[in-house]
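All remarks here apply to the structure that follows.
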Amino acid sequence: MLMFAFFAASFAYFNQFFIFPPLAHELGMTKFWGAMLVSVSNVTELISRLVVGILVDKDKVTKACLIQVSFMLSAVLAMAVSFSTIHTILFVYSALFGLLGGVFLPLAILILVELVPETHISSASGLFALVTGTGISLGPSVLGAIKALTGSFTDSLRVCSGFYLMAFVVFVLHEHDTMNCIRHEKRRKEHQEERTNLERTFVNQMSLSG
Numbered sequence: 001m002l003m004f005a006f007f008a009a010s011f012a013y014f015n016q017f018f019i020f021p022p023l024a025h026e027l028g029m030t031k032f033w034g035a036m037l038v039s040v041s042n043v044t045e046l047i048s049r050l051v052v053g054i055l056v057d058k059d060k061v062t063k064a065c066l067i068q069v070s071f072m073l074s075a076v077l078a079m080a081v082s083f084s085t086i087h088t089i090l091f092v093y094s095a096l097f098g099l100l101g102g103v104f105l106p107l108a109i110l111i112l113v114e115l116v117p118e119t120h121i122s123s124a125s126g127l128f129a130l131v132t133g134t135g136i137s138l139g140p141s142v143l144g145a146i147k148a149l150t151g152s153f154t155d156s157l158r159v160c161s162g163f164y165l166m167a168f169v170v171f172v173l174h175e176h177d178t179m180n181c182i183r184h185e186k187r188r189k190e191h192q193e194e195r196t197n198l199e200r201t202f203v204n205q206m207s208l209s210g
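Take the sequence shown: its position 155, counting from 1, is numbered 155 in the UniProt record's numbering, and each next residue is one higher.
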């Protein structure tokens, strides 16, 4: 489940860089301003990575919470912007898009360490690279086909929004299941320790009685 969330997020995030220039042209903007959308996103992504690193180092917020907020806001914003034809709104979105996208990649490996059992960390890291690469590779073809069918890149942007929403839902479900397993394992260990202590107490009492 976690890998599917990362696949969906990679599809939604990276492939919007391919959408920005043609979407800008579709809305009547020049190629220069279409390229500027990508540049703005890259700059704000860099800023976001720095801020996220500081927040995580100081334990201000949990990594899972940051990922969830990033996925949900990205889904909502992408869907809202897909219904707008105002150039300024598209520029504001490109900046927010970079800020939110900068949360995902820096935290993904750290999330794997927290939510994946230690025995599966190595394979999970390799699988993460595979699923993210697959999401990036499939995106241009899928979104291009959608544009060919609908005649507009705004529909491709809505598809990216849908993938972000899927990433959010799957991630939340996986985290919930993982936390339940961790709590269950903790209770099992506590119960085992209590049982061991009782057995030791009983043995000690028998020794004293003898």
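Where a beta carbon is used, it is the ideal one built from N, C-alpha and C, also for glycine.
Where serine 122 falls: helix, strand or coil (DSSP): If you number the sequence shown from 1, residue 122 lands on position 122. Three-state result, serine 122: helix.
Looking at chain B, is there any beta carbon in it that lies within less than 7 Å of the beta carbon of glutamate 45? The chain inventory of the structure shown lacks chain B, comprising one protein chain alone.
If contacts are defined as beta-carbon pairs under 8 Å, then glutamate 45 and glycine 102 qualify, I think. What distance do you get, rounded to the angstrom? What you label residue 45 is simply residue 45 of the sequence shown in a count that begins at 1. What you label residue 102 is simply residue 102 of the sequence shown in a count that begins at 1. About 4 Å separates the beta carbons of glutamate 45 and glycine 102, which is inside the 8 Å limit, making them a contact pair.
Exposed or buried, glycine 28, counting other C-beta atoms within 10 Å across all chains shown (16 or more means buried)? Start at 1 with the first residue of the sequence shown, and residue 28 comes out as number 28. That one is exposed.
Over the uninterrupted alpha helix (DSSP H) stretch that includes leucine 11, give me the two end residues. The residue you call residue 11 lines up with position 11 of the sequence shown. Residue identity differs from the one stated: residue 11 is phenylalanine in this sequence, not leucine. Element bounds for phenylalanine 11: 2-14.
DSSP state of lysine 63 mapped onto helix, strand, coil: Translated into positions along the sequence shown, residue 63 becomes position 63. Under the three-state reduction of DSSP, lysine 63 is assigned to helix.
Would you identify the three-state DSSP class for methionine 29, choosing helix, strand or coil? Position 29 of the sequence shown, counting from 1, holds the residue named residue 29. Methionine 29 carries a coil assignment under DSSP once its states are collapsed to helix, strand and coil.
I think serine 94 touches leucine 37, with their Cβ atoms under 8 Å apart; what is that distance to the nearest whole Å? By 1-based counting over the sequence shown, the position of residue 94 is 94. By 1-based counting over the sequence shown, the position of residue 37 is 37. Contact holds; Cβ gap of about 4 Å.
Measure the C-alpha to C-alpha separation of alanine 145 and arginine 158 and round it to an integer number of angstroms. The residue labelled residue 145 in the question sits at position 145 within the sequence shown. The residue labelled residue 158 in the question sits at position 158 within the sequence shown. Approximately 14 Å, taken between the alpha carbons.
CB serine 161 to CB alanine 108, shorter than 7 Å? Against the sequence shown, residue 161 aligns to sequence position 161. Against the sequence shown, residue 108 aligns to sequence position 108. Against a cut-off of 7 Å, the Cβ pair of alanine 108 and serine 161 comes out as no contact.
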